[in-house]
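To start, the structure under review is shown below, and the notes come after it.
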Amino acid sequence: MTVQKIARGPISLDLVDLENDSVVLVNERYSGSEQSLQNWSIHRQVDQQPEIAYQFPPEYSLKSRQTVRIFSKRSSQLKSSVSDGLVADQVDTWSIGQHMVTRLIDDHNEEKAVLTQIFQ
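The working numbering numbers the first residue of the sequence shown as 27 and each following residue consecutively.
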């Protein structure tokens, strides 16, 4: 699998964990204020399937160097790991395909990070 990551700012898409059906974000800042993710969203396109979308809860933020895992509601890790993550109640699965593009969109509808995965 080929993976390409692009980040425009301190918040990046660290990985899309296909095995555990989750998306991992990280605040790359070493110090400073936390980053509000209010009105931010994750959009995932897998092959020609309908786009999957998740919006962060109001008032959610990431501290410097903090990582968050967003689980689909079918994730096998829900019972053991939900205390350190979020559950995307409207997302059955983040899905797997040949060509997968996951985008992080901020509150101004600007693309802040992209993670592309391609099976060859």
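We treat Cβ as the ideally placed atom computed from N, Cα and C, and that holds for glycine.
Computed from a prediction, not measured in an experiment: that's the story for all the values here.
* With which residues is Val140 paired in a DSSP beta bridge? -> Ile32, Arg129
* Could you pull out every residue in the same chain whose Cβ sits closer than 7 Å to the Cβ of Ser62, ignoring the five residues on either side in sequence? => Ser87
* **Cβ-based neighbour list, Leu44, same chain, cut-off 7 Å, excluding 5 preceding and 5 following** => The residues are Ile122.
* Asked: In whole angstroms, what separates the C-alpha of Val52 from that of Pro83?
  -> 17 Å
* **The beta strand (DSSP E) enclosing Gly111, as first and last residue numbers** => Gly111 -> beta strand (DSSP E) spans 111 to 114.
* Asked: Between which two residues does the beta strand (DSSP E) carrying Asp40 extend?
  -> 37 to 43 is the extent of the beta strand (DSSP E) around Asp40.
* To do: Give me the Cα-Cα distance between Arg34 and Tyr80, rounded to the nearest whole angstrom.
  => 19 Å
* **Neighbour-count burial assignment, Lys138, 16 or more Cβ in a 10 Å radius** => It counts as buried.
* Ignore the nearest five residues each way along the sequence and tell me which others in Glu77's own chain have a CB closer than 8 Å to its CB. => Hits under 8 Å: His69, Arg70, Gln71.
* To do: Note down the Cα distance separating Thr93 from Pro36, rounded to an integer number of angstroms.
  => Roughly 12 Å between the two C-alpha positions.
* Asked: From Thr28 to His125, what distance separates their C-alpha atoms?
  -> 10 Å
* Ignore the nearest five residues each way along the sequence and tell me which others in Tyr56's own chain have a CB closer than 7 Å to its CB. => Ser90, Arg91
* **Among Asn46, Ser67, Phe97, Ser38, the one whose alpha carbon lies nearest that of His134** => Its Cα nearest to that of His134, the residue Ser67 stands out among Asn46, Ser67, Phe97, Ser38.
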